[in-house]
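Participant: Just dropping this structure here.
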Amino acid sequence: MNDLVDQAISQWNKECPGQDFAAMSVVTRVFRLNAFAARNVNRSFRRHNLHQGEFDVLATLYRTGAPHAMNPQKLVEALLLTSGAMTNRLDRLEQAGLIVRNPNPDDRRGIIVSLTPTGLRTIKLVLKDYMKDLNELLEPLAAAERRQLAGLLKKLLIKQDQETPGSVGA
Numbered sequence: 112m113n114d115l116v117d118q119a120i121s122q123w124n125k126e127c128p129g130q131d132f133a134a135m136s137v138v139t140r141v142f143r144l145n146a147f148a149a150r151n152v153n154r155s156f157r158r159h160n161l162h163q164g165e166f167d168v169l170a171t172l173y174r175t176g177a178p179h180a181m182n183p184q185k186l187v188e189a190l191l192l193t194s195g196a197m198t199n200r201l202d203r204l205e206q207a208g209l210i211v212r213n214p215n216p217d218d219r220r221g222i223i224v225s226l227t228p229t230g231l232r233t234i235k236l237v238l239k240d241y242m243k244d245l246n247e248l249l250e251p252l253a254a255a256e257r258r259q260l261a262g263l264l265k266k267l268l269i270k271q272d273q274e275t276p277g278s279v280g281a
């Protein structure tokens with residue numbers, strides 16, 4: 112069975128015989144999959160009055176474990192954001208009652224960002240919908256195929272992660 116990428120590659124092959132379009136066939140499918148994933152999860156985020164970036168902040172605080180708190184600089188580093196972008200996200204989340212900013216007991220000039228009880232309930236609900244959306248997207252793949260694909264994508268990303276300022280190994 113052909114997909115839209117097969118059709119495009121077929122057209123490219125006719126126009127540029129001898130050109131190897133294997134890389135395009137892989138990366139274009141990754142782009143298309145990303146677009147479908149973003150569309151689906153953004154629908155879930157909107158149901159909870161969140162944007163992707165706000166979800167990322169809540170999820171980062173949640174996955175760190177109790178007390179679900181970090182200083183803003185650690186959040187900036189974890190999400191590879193500018194401090195200005197982080198401030199805007201934190202402002203919106205605080206106005207929504209999902210996080211609080213309190214003085215850092217270890218640094219009187221700093222603050223700690225924490226999930227509120229409402230924020231904790233919200234991230235748990237959103238995470239449930241998020242995982243449902245991701246699993247639906249991957250439904251055609253068996254568990255072994257999902258592990259294989261994850262491993263192959265990881266192999267591609269390791270080099271990029273190591274070369275990107277502020278990321279793993281950089």
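Residue numbering for the sequence shown is 112 to 281, as defined by the working numbering. Cβ coordinates follow ideal geometry from the N, Cα and C atoms, glycine included.
Looking at the secondary structure, which residues open and close the alpha helix (DSSP H) in which Leu-117 lies?
Facilitator: Stepping through the sequence shown from its first residue, residue 117 is reached at position 6. For clarity, residue 117 is Asp in the given sequence; the question names Leu instead. Where Asp-117 is concerned, the enclosing alpha helix (DSSP H) stretches over 115-126.
Participant: The alpha helix (DSSP H) with Pro-183 in it runs from where to where?
Facilitator: What you label residue 183 is simply residue 72 of the sequence shown in a count that begins at 1. 183-190 is the span of the alpha helix (DSSP H), which, as asked, contains Pro-183.
Participant: Report, in whole angstroms, the separation of the C-beta atoms of Leu-186 and Val-224, which I expect to be a contact under 8 angstroms.
Facilitator: Residue mapping note: residue 186 aligns to position 75 of the sequence shown, counting from 1. Residue mapping note: residue 224 aligns to position 113 of the sequence shown, counting from 1. Contact flag correct, Cβ pair sits at about 6 angstroms.
Participant: Grab me the residues of Tyr-241's own chain with a C-beta within less than 7 angstroms of its C-beta, minus the 5 sequence neighbours each way, in chain order.
Facilitator: For the purposes of this step, residue 241 is taken as residue 130 along the sequence shown, with counting starting at 1. Answer for Tyr-241: Val-152, Ser-155, listed in chain order.
Participant: When DSSP labels each residue in this structure, what does Gly-221 get in the three-state scheme?
Facilitator: Your numbering for residue 221 matches position 110 in the sequence shown. In the structure shown, Gly-221 sits in a strand (DSSP, three-state: E or B).
Participant: Using only alpha-carbon positions, find the residue among Ala-196, Gly-262, His-179, Glu-274 that is nearest to Thr-229.
Facilitator: Numbered from 1 along the sequence shown, position 118 holds the residue referred to as residue 229. For Thr-229, the nearest C-alpha among the options comes from His-179.
Participant: Considering just the uninterrupted stretch of the alpha helix (DSSP H) at Pro-228, what are its terminal residues?
Facilitator: As a position in the sequence shown, residue 228 is number 117, starting the count at 1. 228-248 is the span of the alpha helix (DSSP H), which, as asked, contains Pro-228.
Participant: Measure the alpha-carbon distance for Gln-271 versus Lys-265 and round it to whole angstroms.
Facilitator: Reading the sequence shown from its first residue, position 160 is the one you call residue 271. Reading the sequence shown from its first residue, position 154 is the one you call residue 265. Roughly 10 angstroms separates the two Cα atoms.
Participant: Taking its Cβ as the centre, do 16 or more other Cβ atoms sit within 10 Å of Ser-269, making it buried, or is it exposed?
Facilitator: Here residue 269 refers to the residue found at position 158 of the sequence shown. According to the sequence as given, residue 269 is Ile; it is not Ser. With fewer than 16 Cβ atoms within 10 Å of its Cβ, Ile-269 is classed as exposed.
Participant: Exposed or buried, which one is Arg-200 when buried takes at least 16 other CB atoms within 10 Å?
Facilitator: The count along the sequence shown starts at 1 and reaches residue 200 at position 89. Burial call: buried.
Participant: Taking Ile-234 and Tyr-173 to be in contact with their CB atoms under 8 angstroms, please state how far apart those CB atoms are, rounded to whole angstroms.
Facilitator: For the purposes of this step, residue 234 is identified with residue 123 of the sequence shown, where counting begins at 1. For the purposes of this step, residue 173 is identified with residue 62 of the sequence shown, where counting begins at 1. That belief holds up - the Cβ atoms of Ile-234 and Tyr-173 are roughly 5 angstroms apart, short of 8 angstroms.
Participant: Classify Val-237: buried if its beta carbon has 16 or more other beta carbons within 10 angstroms, exposed otherwise.
Facilitator: In the sequence shown, the residue the question calls residue 237 occupies position 126. With 16 or more Cβ atoms within 10 Å of its Cβ, Val-237 is classed as buried.
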